[in-house]
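Protein chains in written order, with the working numbering: chain U, 11 to 423; chain G, 11 to 423. Here a beta-carbon is modelled for each residue, glycine too, at the ideal position from N, C-alpha and C. Bear in mind the structure is a predicted one, so any value in this text is a computation, not a measurement. Beneath this line is the structure, given in structure tokens, with notes to follow.
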């Protein structure tokens with residue numbers, strides 16, 4: 011068996027996937043396997059019992075949004091009885107930041123990989139602060155979700171369709187030359203997104219007050235493009251998945267309790283280990299003890315060769331996640347040691363436009379003992395509060411070891 | 011006489027000037043000394059006879075725009091007879107990119123320095139290609155200028171007023187962390203400008219088709235914020251001007267024939283030398299021999315501590331102006347050798363957020379033999395064609411020598 015050849019094919023597919031944003035639709039109408047009593051969530055599979063505070067909060071919020079529960083007690087009962095099922099976003103071609111909870115009637119971005127034909131999905135980004143994805147679920151959160159769903163989503167869909175689709179891969183290439191790394195820093199990408207949408211929003215909106223509100227919401231949220239970017243990365247990673255004999259990591263995701271990975275040549279099997287507490291900078295009034303363990307599907311960005319892997323091109327991110335610009339350079343340099351390839355379209359200006367380190371190779375992680383670097387937001391560990399900081403985290407090496415052992419067993423190498 | 015103390019005061023004022031964009035108005039109504047038969051132009055004073063192709067083209071285009079001439083022959087006659095006067099933008103608190111030609115009925119951005127009270131002005135940016143500021147003046151150019159004046163300017167003015175003013179200094183601080191240097195690369199700044207304007211454009215525009223067109227025009231033009239940025243830099247530089255005993259350069263400007271500088275402690279006197287041909291990258295089909303000598307007031311950016319001086323934070327600019335990311339780092343490092351201060355608000359992430367080199371000190375230029383580095387666009391030398399590339403240029407040292415000699419004579423040092 012030629013692992014290198016398999017990895018070559020996997021990373022080539024990941025790199026060549028052209029992720030186009032084609033529109034939005036309600037999850038129930040577009041996500042494969044979505045059903046009325048299902049909630050999708052970030053990371054590997056989880057139960058209510060093992061779920062962290064922010065995950066429980068987001069589940070509660072989504073069930074309130076769906077009109078199925080009034081509070082956490084009711085939400086808990088629905089989930090524990092099995093009346094409401096929980097499944098990973100990743101099992102449904104979907105990714106969601108932080109808790110990642112996606113319910114049937116929420117609109118999701120639709121990404122089409124034009125090179126290989128697969129699709130991927132992600133929900134709308136709510137902005138910063140007290141938001142569902144960090145486990146907040148009160149009336150204010152519900153009101154915002156309602157507005158996003160009823161007012162913003164139809165206009166965004168119309169604007170994206172009117173634009174003929176937005177090339178998220180091209181947008182990312184550009185944003186990586188504008189100080190973004192695509193995970194925790196999406197300032198440039200989000201206003202490039204605004205630039206692409208704005209004239210079309212004006213075109214499709216029938217009410218100038220609404221036009222104004224939607225332009226403001228997209229422009230003010232420096233993460234507005236994060237969800238389409240994540241879905242784009244998911245489409246790239248999925249293109250690389252399922253290559254017989256490949257040791258390329260195609261999923262890294264956390265549910266707030268466990269960190270899980272999947273490997274191209276290992277089918278749908280998850281390898282998991284306890285999620286860590288990120289190290290970083292806290293918003294005023296919060297500290298380490300308040301932090302929830304690492305949570306979210308946003309590590310799909312590092313999986314696809316951006317995020318922490320592209321930090322060298324985003325030195326200003328250290329004001330947000332801690333460290334120095336030199337640390338940012340080192341982070342990217344180190345990731346070349348555990349990746350199989352270098353990206354053809356995502357490049358790092360301070361490295362003379364060298365391609366970003368792309369395609370985590372399980373073998374290299376084990377050989378070097380270096381685990382992937384991840385930039386992430388930090389959630390409060392209690393339900394209902396929200397984001398309290400941002401920082402850096404590394405997944406536990408244990409699951410990479412288990413994955414490589416399972417790989418060796420499966421392939422007899 | 012304490013030159014250091016004078017320079018301290020000058021650079022302090024330059025750095026502390028808070029440049030707010032407050033609106034637009036027609037030049038005749040707002041620029042001090044503007045009159046019906048006057049055209050402003052970039053650089054030090056120039057006559058028709060000595061004017062370069064692009065300058066003559068822009069003068070012709072502005073007179074066609076004003077309904078005063080039909081072609082270059084008529085324009086020439088009007089200027090040579092003195093019926094139409096030419097004066098530098100810089101004599102009227104104004105700056106303009108490339109030819110910089112500003113006529114009475116054109117709208118100009120109004121910048122107010124809230125710290126020291128002075129104002130500065132700049133015209134609207136037309137975008138790339140065949141444009142007036144590069145000397146093109148045909149019907150297509152006129153049609154675009156007309157649309158900008160009659161449709162876009164009133165909406166921009168309304169949007170800026172509705173926004174309560176846009177803090178261009180804060181916008182620049184942000185853009186410098188997003189891969190811009192503020193002169194030749196204003197990609198991030200221009201979409202930050204769009205972000206600030208977009209909701210207010212929707213608010214003030216009465217027609218969604220026009221809203222769409224204006225959002226498109228601002229978003230598609232990666233130089234849309236250049237002119238407000240230049241006016242902001244002019245307001246900063248003017249705040250530093252007129253300090254008795256200061257050797258800080260407060261003007262660097264080119265008219266396509268001469269490069270000229272002015273010095274804080276030397277009043278309104280220009281020191282000039284022949285402008286050079288920039289070295290850089292040409293658009294397909296053009297070469298060195300097609301290039302006009304250096305032209306434009308946009309060197310006000312370097313004068314205020316950004317542009318070529320801030321290149322270290324804008325490594326991706328080398329794809330446009332030639333060179334390597336290391337050259338970009340070196341450019342900024344070198345400029346610390348000839349500047350008096352480091353900026354407090356404009357910082358360079360890869361230098362651990364060190365302030366940009368700010369306030370060119372005539373004494374240091376002469377002591378080191380290092381002249382300022384300037385990023386610039388390259389105009390075709392013939393009237394009517396437009397931009398043919400972008401590159402780097404250094405002003406001749408001769409005028410710095412003459413300025414220092416004049417300074418020594420004036421102050422008896």
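- Residues of chain G whose Cβ lies closer than 7 angstroms to the Cβ of residue 362 of chain U are, in chain order, 334, 335.
- Counting along the chain, residue 292 of chain U sits inside the beta strand (DSSP E) bounded by residues 289–292.
- For residue 188 of chain U, at least one C-beta of chain G is nearer than 7 angstroms to its own C-beta.
- Judged by DSSP secondary structure, residue 103 of chain G falls outside any alpha helix (DSSP H); it is assigned neither H nor E.
- Between residue 237 of chain U and residue 119 of chain U, the C-beta spacing is below 7 angstroms.
- In this structure the segment 261–273 of chain G lies against the segment 294–306 of chain G, because at least three pairs of beta carbons, one per stretch, are closer than 8 angstroms.
- As the crow flies, the alpha-carbon of residue 388 of chain U is around 11 angstroms from that of residue 139 of chain U.
- If you draw a straight line from the Cα of residue 54 of chain G to the Cα of residue 184 of chain G, it is about 32 angstroms long.
- Taken in chain order, the complete beta strand (DSSP E) segments of 3 or more residues contained in the segment 100–167 of chain G are 117–123, 129–133.
- Secondary structure of residue 315 of chain G (DSSP, three-state): coil.
- The segment 224–240 of chain U makes contact with the segment 186–205 of chain U; the number of CB pairs closer than 8 angstroms reaches 3 or more.
- Ranked by Cα distance from residue 111 of chain U, the options U:56, U:93, U:160 are led by U:56.
- When secondary structure is reduced to three states using DSSP, residue 42 of chain U falls in the coil class, being assigned neither helix nor strand.
- In terms of beta-carbon proximity, residue 218 of chain G lines the interface with chain U, with at least one pair separated by less than 7 angstroms.
- Look at residue 11 of chain U here: in three-state DSSP terms it is coil, with no helix or strand label.
- Within the segment 354–394 of chain U, the runs of beta strand (DSSP E) at least 3 residues long that lie entirely inside it are, in chain order, 364–370, 384–389.
- By the Cβ rule, the segment 13–28 of chain G counts as touching the segment 120–128 of chain G, because three or more pairs are nearer than 8 angstroms.
- Between residue 104 of chain G and residue 41 of chain G, the CB-CB gap stays under 7 angstroms.
- Judged by DSSP in its simplified three-state form, residue 335 of chain G adopts helix.
- Proximity to residue 59 of chain U across U:312, U:325, U:79, U:83 peaks at U:83, based on C-alpha coordinates.
- For residue 240 of chain G, the uninterrupted alpha helix (DSSP H) segment begins and ends at 236–249.
- For residue 30 of chain G, the uninterrupted beta strand (DSSP E) run begins and ends at 29–36, by DSSP.
- For residue 271 of chain G, the enclosing beta strand (DSSP E) starts and ends at 268–273.
- Near chain U, meaning a CB-to-CB distance below 7 angstroms, the residues of the segment 191–210 of chain G are 197, 198, 201, 202, 204, 205, 208, 209.
- Exclusion of the five residues before and after residue 344 of chain U leaves 380, 383 as the residues of its chain whose Cβ lies within less than 8 angstroms of its Cβ.
- In the DSSP assignment, residue 66 of chain U falls within the unbroken alpha helix (DSSP H) covering 63–75.
- One Cα belongs to residue 130 of chain U, the other to residue 241 of chain U, and the distance between them is close to 5 angstroms.
- Distance check between residue 248 of chain G and each of G:273, G:231, G:229 places G:273 closest, using alpha-carbon atoms only.
- By the Cβ test, the segment 140–160 of chain U is not in contact with the segment 160–168 of chain G, since fewer than three Cβ pairs between them sit closer than 8 angstroms.
- Residue contact check for residue 229 of chain U against chain G: a CB pair falls below 7 angstroms.
- Excluding sequence positions up to five before and after residue 413 of chain G, its CB lies within less than 7 angstroms of the CB of 271, 273, 276, 281, 372, all in the same chain and listed in chain order.
- Only buried fits residue 143 of chain G, as 16 or more other CB atoms lie within 10 angstroms of its CB.
- Rounded to whole angstroms, the separation of the alpha carbons of residue 352 of chain U and residue 419 of chain U is 29 angstroms.
- At a C-beta separation below 7 angstroms, residue 326 of chain U has these neighbours in chain G: 187, 359.
- In this structure, residue 106 of chain U sits away from residue 169 of chain U, with a CB-CB distance that is not shorter than 7 angstroms.
- Contact of residue 222 of chain G with chain U by beta-carbon distance below 8 angstroms involves 209, 210, 212, 213.
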